[in-house]
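Protein chains in written order, with my numbering: chain A, 176 to 1715; chain B, 3 to 491. First up is the structure itself, then whatever we jot down about it.
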Amino acid sequence: MYTTKQVTLPSFREWNPNEMPERHHSSPSDTLCRPPRAQGLYSPLFDHDACGVGLVCHIKGHASHAIVRDGLRILENLAHRGACGCDATTGDGAGILIQMPHAFLLKAAQEAGIALPAKGAYGAGLVFLPHDENRRQWCRTQFEAVVREEGQVLLGWRRVPVRPEVIGDLARSTRPSIRQVFIGRGEELTDAAAFERKLYLIRKVMEKRVREAGGSGKSAFHIPSLSARTLVYKGMFLADQMRPFYPDLDDPAMASALAIVHQRYSTNTLPSWGLAQPFRFLCHNGEINTLRGNINWMNARQGLFASELFGEDLVKLFPVATPGGSDSMILDNALELLYHTGRSLPHCIMMLIPEAWQHHATMPAAKKDFYAYHACLMEPWDGPASIPFTDGTVVGAVLDRNGLRPSRYTVTRDDRVIMASETGVLTIEPENVLKKGRLQPGRMFLVDMAEGRIVEDEEIKAGIAGRRPYGQWIRGNMVSLAELPEAAPVLPAGDRLSTLQKLFGYTTEEIRMILAPMGRDGREPTGSMGDDIPLAILSRRPRLLYDYFKQLFAQVTNPPLDAIREQLVTSLATTIGSERNLFAETPQHAHQLFLERPLLSDEDMARLRGQSGLKTEALAILYPLGQGGSGLEEALEALCRQAAEAVSQGAALLILTDRDAARQQAPIPALLATAAVHHHLIREGLRTRCGLVVETGEAREVHHFCCLCGFGAGAIYPYLAYATLRDQAAREPALVGDSHQALQRYRKAVDKGFLKVMSKMGISTLQSYRGAQIFECVGLAPGVVDRYFTWTASRIGGADLDGLAREIARRLTKAFPVADIPDQDLLEIGGTYKWRRDGERHQYNPLTIARLQQAVRENNRSAWDDFSTIVNRQNREGGLLRGLFDLRPAGDSVPLDTVEPWTAIVKRFKTGAMSYGSISKEAHETQAIAMNRLGGRSNSGEGGEDADRFRPDANGDWRNSAIKQVASGRFGVTIDYLTHADELQIKMAQGAKPGEGGQLPGSKVYPWIAKTRHCTPYVGLISPPPHHDIYSIEDLAQLIYDLKMANPAARVSVKLVSEAGVGTIAAGVAKAGADVVLISGDVGGTGASPLTSIRYGGLPWELGLSEARQVLRQNGLRDRVVLETDGQLKTARDVAVAALLGAEEFGFGTVSLVCLGCIMMRVCHLNTCPVGIATQDPELRKKFTGRPGHLVNFMRFVAEDLRSIMAELGFRTVAEMVGRVDCLEMTAAIDHWKAGGLDLAAILQQPDIPAAVQDHCLLAETRAAPPPLDTALIERLAPALERQQPMTIDLEVRNTQRSVGTTLSHEIAKRHGQDGLPEDTIVIRARGTGGQSFAAFGAPGLSIHLEGEANDYFGKGLSGARLSLRPSAAATFPAEENIIVGNVVLYGATAGEVFIRGVAGERFAVRNSGAVGVVEGVGDHGCEYMTGGVVVVLGVTGRNFAAGMSGGVAYVLDADGDFAARRCNREGVALEPVETLEDVDTLQALIRKHRDCTHSTLAERILEHWDRFQPRFVKITPLEYKRALKRLAAEGHAPAQRLT
Amino acid sequence: MGKPTGFKEFERETPETRPVAERLGDYREIYQDFPEEKLIQQAARCMDCGVPTCHSGCPLGNRIPDWNELVYRGQWQEALAQLLATNNFPEFTGRLCPAPCEEACVLSINEPAVTIEHIEKAIIEKGFAQGWVKPEPPARRTGRQVAVIGSGPAGLACAQQLNRAGHTVTVFERADRIGGLLCYGIPDFKLGKGIIDRRLDLMAAEGIVFKTGVEIGRTTTADDLVDFEAVVLCTGSTRPRDLPIPGRELAGIHFAMDFLSCQNRRVAGKTPSPELDAALNAGGKHAVIIGGGDTGSDCVGTCHRQGARSVTSFELLPQPPEERPEGQPWPFWPMRLRTSSSHAEGGERRWSILSKRFVGQGGRLTGIETVEVAFDAKPGRRPAMHELPGTTRRWPAEIVLLAMGFVGPEQDTVVQQMGLALTDTGTIATDSNGMTSRPGVFTAGDARRGQSLVVWAISEGREMARAVDLYLMGETALPEKGCCDLPRG
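Okay, here's the thing in structure tokens:
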């Protein structure tokens, strides 16, 4: 039934786009000169990049040199968004894409002795060649051969003039030899598109030829572009090096009607000229999160590819994705393939980066049909993306579905369009501005230069969606489950239930703590205090295969999503079945099975198994138990063969089933079977011809389902989880309700869980998540991973199939015992979440807790020794990586008294970050006092801190936390708070729940907590998953910069969580200017987190720390940052291992609490802590018995023991031992039934770096120089600062000046505390373009009135200042219709006022808790997570207004009357008319003030015609806030919010 | 689940005892009924801890939080299943155990502990009352014969586990009734003998063979056990510690166990010989009990019931504090003042008392002379005892009961016949699998461990059954309790 054209597929290795990370050993001297490759724990697969992008074009297509010059100028004005590496003059890369500059090339070629034909009859491109003469000559010869073979004419080579002296040392030393090649159009080609295709083919063939030849030339060779329409110049530059390096670009003949520019910021600095952007059609700011899956699917699809345009030549294009390419490059590869096989550029873009269409209320049906149809063809490429693109005739840009990157544009009266990551990148006279706008989420923007006009999103997409009757095709072909005939489900027999449960390792605990709550509550249960059981590979108990996989998560380089509050961008819907040729469009393409969600119900499965209309084949996933690992392997091979056979025979659905497991027929782990079949079918080119349905008794937790989907399953039927719930419902209806509802709720919980796990990685749709294998494997042998879980990160080896078979055998023995033992045959009790004697081992158990508390309370050395001994033994036996190392002396031991004193060592110690709110005041302050006594550091956590703690108490104790945390909720983050810190820590992720936000329910926001957090009592607080000012690495650099400006004396620390690739992120963070990088282990405590997040997110710090050290050293960045680690550190031995692996500072979280009385109740989320720690209940707080001395005793014990270890190893100071991995070796014999295959060599690898490269931070603690602008301001404003003398000054500003006014505010707070100066003491009248974070954390008494425009983060963290923004007086465009300020205005503001005359971008006033803002229009997600303050929007809002808003009030002028229906997220808010006198007064007063500050004509109009406007205002009040106000009034408290 | 705030809402509450005056008139158990809704409240006080130290403090590894929650939810039958999963005889431990679990209870850090023991008893009694506790003979017999020598709690637990594994088990008891210490050592007012019989009937119905009046080493020899493929000695630690001071030969000085068992026989309707009946009776006498432990306490209660003129207990050690003393932190077992129901019935308790000599007339005991002592605490050493001058005192006493503990198993019978190796402390030596120096012979309970608690005896019996099963079959499906017994301190 398939007429797929048979193509010869290259072998597997060939067409995998990223080379298998081989572990090389190379000589130190050449390391820095070679492109990145795998070493130790590092793999280039982990690299990320981000950046600034820009485009400029002439709408009517008039080419000029001015456009090129403007492009370069944009680049220079975005310089701060890029990064430089270890030498300050080497950039990460920059480039420009322009139209073919015929006049220039004609001239230049002539000079090189080449005669060019007419425009369009030749193609040209830059070619990067090796410097080695022989290699270069070889490349040229090959190139010429390829051109000839393809029937074209090589016209000649031109040496491109360059000035290497202007670029950095590193860039220079890796510089390729740069040539320009000219290719004449062959005679048989007549049309331009065919010639473009041919040039594309030549490039692909040539790339492959060089790659296959291997050798050192391979990495230097790169073709930036080869086209008759466009030309790219690029290289490893800082932005301003571009023009001097390529004198060509300065030639007046170098003319184009468009320029696309890109400034790169790569997380690591390992150089690569080829990875500089633009690529051939686009450049990309952001990150493709689903890359692995996209590549896999693209490869899998190749078997179905057929193109009339390429015919037999098609295979020459493979692999589609460039091996070693970045995510952006591979996206470019995909785009060019789609384009050259016959789709228009905007059409291709819509396929790759579709809008969030599933939950879109107002999208036209035709467009939805278009997207639904194309979802049958390919999955979205998901992730933050601002993408300018062009084919030389149209130029456009698109933004990802979430709008996670900034993109501002200006249209001028002289027909230019300028678009860039920031506004203000080109100076445009205000009178010349026709329109200012921004790209909106999922929207496209297109300039058709041929037609000479801007084509709006609606028009482009309507045109493309109308090309074919997509809707008709879908309705005629797509099968949905609901339409299928009903069939009777086949349920497991009741008497088999307990046997099956034992077979699949069910425990009583799991049913009680996971399944039943999911069935009862419809969501995953919550837990606290982290995870302290062994890694699966080190556990003495059999564990499920899922336990060997840890979920990866977004941190820094891309943002996690909030799947709850921003649900409109997410979707669980998929189609499964047989795909068809990607390059064709037929009705049959839509003949797939549509699934709303991946989890099938009993009824769904019955239907699917019945008559789905798709040919279905069931394959048993069983193996003969007796044959162990080899039996398992043979069964897997047979399964793969059967699967391939079935698909070849036309099966469109494969059901993998373990239903018939029996005593001798053991179930293959469903994950192993699924991944094996998935990868086998990919290798065979058959994968996209079928859908995989997994029918298994094994999967029951969200993580299990995610693993199955992540490795290819399209649908899952967990029959045993259902049967178990039905059984529970029958036995105890009170617990889970009736079985039907329980099952529904369970499935709902799984749905939510899916969204949560996906969103942790920033992925919005299940379709993209499927097969994306976003996991790191911990503890499987390389043979298993390479074969069945191909391309999954896995770094320490582990169990092979024999080991897995042994685990299965143990469960099977339980399920089918030799004898039934009466009364003794219950399910295993569990002990995974709560300690049980016969369950999994826990680090914290009765004895360790008891001994530790005995030791620190009684200052009891022998109890301490006992504790240490137990912990060190259980580290070894109980499954921690650090326990597998032996310590080796560095030399002779030294006398103990020559080792630095314990008092010096404890200065490196810190307590864990815990918010006041998650723990009690008593517990919080006790830690601070203890650490201040020791000279160590306590950490405020993210809940703010009372100002009365900033100064020492009368008794000499000091309750101030030295480290103050800045987390995504920004609670209590004021300029005063920032000013009183020694160290500011940006929490990017948290070990217990990386990639997730948090929530403090209103019931716990007691008045004293609310005060500290600057919010309203009894109003729930949400910490969003991402920092809304960090969606990318350059954003983090900006926040670091902001914080340094807010407190130039403090160190800035960035907290990351260990995962594969964290080293690369650490390098990026170091480049962003952080002073400290904290690598947190996966085991950290938490106040509340879904249980599966606690267990399956993040990795041990041993891996992350070591990786970070290795990558930082490789990049020459190690001496720039202090490395810190934490994660269940308990003894001196733990600290010693951490130091030897590279840590200089050490955090103690859970153990500190245990010292103060915590007994690991794990009920922190319930407010019932019986020892007064994790509770705000005044009665329970009285039970707190911790004393600072207890913690002091602990720290001293650890430091004293560390001294002994140091003496023995031969170190006198901690500094000497940092990074001495040579003093660690893997324990000789790991006596363990499944862990024999572990190999820790990668952790212990020393990167090939000259010994001279230091292994610890060498820089003085603070490297921030206050910005020149603020320094000057502070000087000039001394009288105001010191004597409160009112002053007014004028100021010119540009987009390159960032965080203006922040250091000034710091000076105010330093002198005057949180109250600052009296109103309007300092008034600054500014003109121009405000850079990012304008007036961030502005203090009271400061007023800044900006005339012009501003970028992102305007008024971020506003702490009392007054800001206004209005267009230049000379501007002629209507202010209220044009954008004037970027995204995330007023994020985390606590007080102050902002008046904006014009429209703001996305997320206006996100997490505002006290500021007042007036604006004339906002983008999507306005007032998100707002907890206080007042916002007035005098115009249109975007979608999802007030999502997660729990406090404060907003007034929106609903001009179109569709606010309630389409724009507001009404989940938690009430909408009312503005009627009461109080409301009218408030609103009018604010509008008047707005008019006075900004001269707003709109405000004037509204006030003038109040009667007409008043009825159109909507007041938005969160329901929770209303209740809280009522409660406060009842309790006699004044409302906390100031309303003007 | 459970009730997260239960511990905040409900006070600790245990059943009332019958009035002293009433209960002194009989030998029946002393506790009154407890309403079920109150019991559920008590179960709700359990905090379902992340690290349930009670579970570690219980030598059986009882799944305390699990069944507490099930009781709270009203899932009695499931609670019973979880209880029986680790404890063969909750009806014994629920009455007799000093409840180290409650000392280790997390709530006891700053509130009275959860009434774990009482809940345990309630679960099993409900089980019996509802008929849920039924004979559960194994589905399959292995054909292997195992002898268990001694029918105390260790022997019974071991026998039941081995029987469940399908072995054919014969229990030998030298006394005329099965139960060992439970039967003749524990007064009826603490453990009504019907409770034992109820259990024994079940076990017999499950196929266990009981043989009373057989003492291996005396009435038969070890060689008579050749038909058994494994033998488990659960003969206890029955040699009492003596008090060899002047006057020890006087009539009227008895070992506590002789005294207690005599009374139990009377209650069971077996009248002892007239001489013994007169001698082992405190009625009308001044009674002095030397030793302040549980046995001593049982003697106190029995003396009261017999109508003693006075009842005085001596304890060598100083009076411990009522609360947990310094240096003995939670969750470890503290040496603190424990007042049993027998103590509450009257009599005098004296601390720091060293008995110097017995005084008599005509060969009959009339009194006892004592001196007060003090202990010097030196860190890291055993405290040294010295007598306080001028504190000599004479007490009237017609009957003295020696309740100073037991020094080990009897060595002159089966131990000798089998030639078993002993440890330094006189217990029967075993290898790590519980096997004695003679292949196929195992030992469990006090005989192996030295004198201990009923709960330890059951635990020993269970673990040893697993070892025997493994020895016989090469594999075993019998459960083990897992790690982490809480040490003494």
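Backbone N, C-alpha and C define an ideal beta-carbon position, used for all residues, glycine too. Please read these numbers as outputs of a predicted model, since none were measured by experiment.
Endpoints, the beta strand (DSSP E) within which residue 1717/A is located:
Since the first residue of chain A shown is 176 and the last is 1715, residue 1717/A is not available in this structure.
Coarse secondary structure for residue 1220/A, derived from DSSP in three states:
helix
Proximal chain A residues relative to residue 57/B, where beta-carbon distance stays under 9 Å
1010, 1011, 1012, 1021
Check whether the region 1289-1300 of chain A and the region 1351-1366 of chain A are in contact - that is, three or more C-beta pairs closer than 8 Å.
no
Would you call the region 714-725 of chain A and the region 1150-1158 of chain A in contact, with 3 or more CB pairs under 8 Å?
no
Is there a Cβ of chain B sitting closer than 8 Å to that of residue 1341/A, yes or no?
Residue 1341/A counts as touching chain B.
If you measure beta-carbon to beta-carbon, which residues of the region 896-913 of chain A are closer than 9 Å to chain B?
906, 907, 909, 910
Contacts around residue 1022/A, its chain only, beta-carbon distance under 7 Å, and the 5 residues preceding and following it disregarded
1045
Between the CA atoms of residue 58/B and residue 483/B - distance to the nearest angstrom:
If you take the alpha carbons of residue 483/B and residue 58/B, they lie about 10 Å apart.
Pick out the complete beta strand (DSSP E) segments inside the region 258-322 of chain A, 3 residues or longer, and give them in chain order.
269-274, 297-304
Could you round the C-beta distance between residue 1319/A and residue 1398/A to whole angstroms and report it? I think they count as a contact, below 8 Å.
Contact flag wrong, Cβ pair sits at about 16 Å.
Work out the CA separation of residue 402/B and residue 395/B for me, nearest whole Å.
If you take the alpha carbons of residue 395/B and residue 402/B, they lie about 16 Å apart.
For residue 529/A, the three-state DSSP class (helix, strand or coil)
coil
For chain B, find out if any of its Cβ atoms is closer than 8 Å to the Cβ of residue 999/A; answer yes or no.
Cβ-Cβ to chain B under 8 Å: yes for residue 999/A.
At a CB-CB cut-off below 9 Å, which residues of chain A make contact with residue 77/B?
906, 907, 910
Mapping DSSP to helix, strand and coil, what is residue 1391/A?
helix
Buried/exposed call for residue 363/A, threshold 16 Cβ in 10 Å:
With fewer than 16 Cβ atoms within 10 Å of its Cβ, residue 363/A is classed as exposed.
Residues of the region 38-66 of chain B with Cβ closer than 8 Å to any Cβ of chain A, in chain order
49, 50, 51, 52, 53, 54, 55, 57, 58, 59, 63, 65
Name the residue from 17/B, 333/B, 439/B, 455/B whose alpha carbon lies nearest to the alpha carbon of residue 123/B.
17/B
Mind listing the chain B neighbours of residue 992/A? Cutoff is C-beta to C-beta under 9 Å, in chain order.
For residue 992/A, the neighbours in chain B by C-beta distance under 9 Å run, in chain order, 479.
So residue 1627/A and residue 1608/A are in contact, right, with Cβ under 8 Å, and what is the actual spacing, rounded?
5 Å
Using a Cβ-Cβ cutoff of 8 Å, what residues of the region 449-469 of chain B are near chain A? List them in chain order.
none
Applying a beta-carbon distance threshold of less than 8 Å, which residues of chain A neighbour residue 108/B?
1334, 1336, 1345
Cβ-Cβ separation, residue 931/A to residue 1265/A (assumed contact under 8 Å), whole Å:
Under the criterion of beta carbons closer than 8 Å, residue 1265/A and residue 931/A qualify as touching, at roughly 7 Å.
Take the Cβ of residue 197/A as the centre, count every other Cβ of all protein chains shown within 10 Å, and call the residue buried at 16 or more, exposed below.
For residue 197/A, the predicted structure reports a pLDDT of 36, less than 50, and the residue's modelled location is therefore unreliable. A value from the coordinates is still provided. By the neighbour-count rule (16 or more Cβ atoms within 10 Å), residue 197/A is not buried but exposed.
Please confirm whether residue 1029/A has its beta-carbon closer than 8 Å to some beta-carbon of chain B.
yes
Under 8 Å, do residue 600/A and residue 229/A count as touching if we go by C-beta distance?
yes
Entirely enclosed beta strand (DSSP E) segments - the region 544-571 of chain A, minimum 3 residues:
560-565
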